[in-house]
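Peer 1: Quick one: this structure, given as structure tokens, is what I'll be asking you about.
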Amino acid sequence: MSVTILQHSDQLVATIAKQPVSTFGTYYTKEVALFIARHLNKAHGWAASLYLRTIAKGIGCTTRTVRNSLRRLEAIGFFKTEFRKHAQIANWNLASVYRIGSALLALFRTPSTKRPAKSSTSFKQKQSNKDHAPVSSSVDKSAMFDHKRVTKTPEEWEASQKASQEHNRSALQKLIAMMKG
């Protein structure tokens, strides 16, 4: 049997389904394992949050049978159960969290790191991007700064402003003349 990387909950369901009932002890224990495996979420760290009555209703048995099956599944290391209670109300049980156990996880090869390894092509692409500098970086940054405007005296600023206003007036008059004629 080849060991594969665990990537989807369907892999867990298929693996559990292939196991003989003798692995679990009873038929219902296997059904509970299948039901939980169908609800495990990779994004939540291979966990599922389910009520006992939801599992019992989904399988067609009592909550007592589910509870006994969960004890067997924890004993053989297929799942770990985290029972949750309400913070303020003592007799109010929240949905339990079921996580993948060590025995079930051992059937799959899990990568040691969550990030994929860097490929040599992405490294080569980064190197080639360094060779081709973007157009904006080739422009001299000091060329954008106009030293003549900074060193103008107040009189020069007023003269420049009046010249600009005169230019705008003449352009407006030309536009009006074009519109009339």
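For the record, in the sequence shown the residue sitting at position 164 is 164 according to UniProt numbering, with numbers rising by one throughout.
Here a beta-carbon is modelled for each residue, glycine too, at the ideal position from N, C-alpha and C.
Note that this is a predicted model, so its numbers are computed, not measured.
#1: Cutting at 6 Å between CB atoms, please list the residues of its own chain near T29, excluding the five before and the five after it.
#2: Are the segment 100-108 and the segment 74-89 touching, with three or more C-beta to C-beta distances below 8 Å?
#3: Would you check if the distance between the CB atom of K16 and the CB atom of L40 is smaller than 8 Å?
#4: Report back the beta-carbon spacing between K42 and S96 to the nearest angstrom; my notes put them in contact at under 8 Å.
#5: What number of angstroms, rounded off, separates the C-alpha of T23 from the C-alpha of L12?
#6: Terminal residues of the continuous beta strand (DSSP E) containing T81?
#7: For chain D, check one thing: does any of its Cβ atoms lie closer than 8 Å to the Cβ of P154?
#8: In angstroms with no decimal places, state the Cα-to-Cα distance between S160 and T153.
Peer 2: According to the data block:
#1: Taken in chain order, the residues that qualify are S69 and R72.
#2: The answer is yes - the segment 74-89 touches the segment 100-108, with three or more Cβ pairs under 8 Å.
#3: Lys is not the amino acid found at residue 16; the sequence shown has Ile there. No; because the gap between Cβ atoms is not below 8 Å, this pair is not in contact.
#4: The Cβ separation is near 19 Å, so there is no contact.
#5: Going by the C-alpha atoms only, they are around 15 Å apart.
#6: Counting along the chain, T81 sits inside the beta strand (DSSP E) bounded by residues F79 to E82.
#7: Included in the structure is just one protein chain, with no chain D present.
#8: Rounded to the nearest angstrom, the two C-alpha atoms are 11 Å apart.
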